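K.L.:
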Amino acid sequence: MNAVDLRSILADAEHSGAYFIDERDAEVMAQAGAGLDYAVMRVDLAGCTDKAGLMERLAKAGGFPEWVGANWDALSDALRDLSWRPAPGYVLLVENASTWRAANLQEFDTLLEVFNEAAFEWAREDIAFWALLPFPGELLTSLED
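The sequence shown begins at -16 in the working numbering and counts up one residue at a time.
(1) Along the chain, which unbroken stretches of the beta strand (DSSP E) at least 3 residues long are found entirely within the stretch 14 to 74?
(2) Let me know if P119 comes out buried or exposed under the rule of 16 or more other beta-carbons within 10 Å of its beta-carbon.
(3) Could you tell me the boundaries of the beta strand (DSSP E) in which D5 lies?
(4) Can you grab the Cα-Cα spacing for the pair A106 / L75, in whole Å?
(5) Inspect the beta-carbon positions of G46 and W67 and report whether they are closer than 8 Å.
(6) Which value, in whole angstroms, describes the spacing of the CA atoms of A70 and W55?
(7) With three or more beta-carbon pairs closer than 8 Å as the criterion, would you say the stretch -3 to 5 touches the stretch 19 to 30?
(8) Got a sec, what are the start and stop residues for the alpha helix (DSSP H) A106 sits in?
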């Protein structure tokens, strides 16, 4: 898929949400988002093992104000607001998430729900919000189960 195709996909707010992608596509997805002038927020979860570390890294990548708490409700509120980071759309690229997912399966499901709720709320304003989770290609099939 070329960059123009990716930009047309990312521009579709109605279909935005949380998606697993092949890690080999992470950079081109980030570039496509940047090509649309979206706020591209990269979160690297390498070495992250707990919820506190996840929240800290998400807050840093999103440039969250200090008043944003470190819990699921606060994360949800922050991702549905982003008034401190105005943009025509958003790409949240959560890299190296496989180890965190393996250690936090139930919380990983909650994280996906928070991402999808944010995407749904933004889509109501016709603004795309993509939470992309790059995984090694060989793991993608098992994630769909």
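C-beta atoms are modelled at their ideal positions from N, C-alpha and C, and glycine is treated no differently.
It should be emphasised that the depicted structure is a prediction, and the values quoted were computed from it without experimental measurement.
P.N.:
Per the coordinate set shown:
(1) 22 to 27
(2) exposed
(3) A1 to D5
(4) 15 Å
(5) yes
(6) 23 Å
(7) no
(8) L88 to A106
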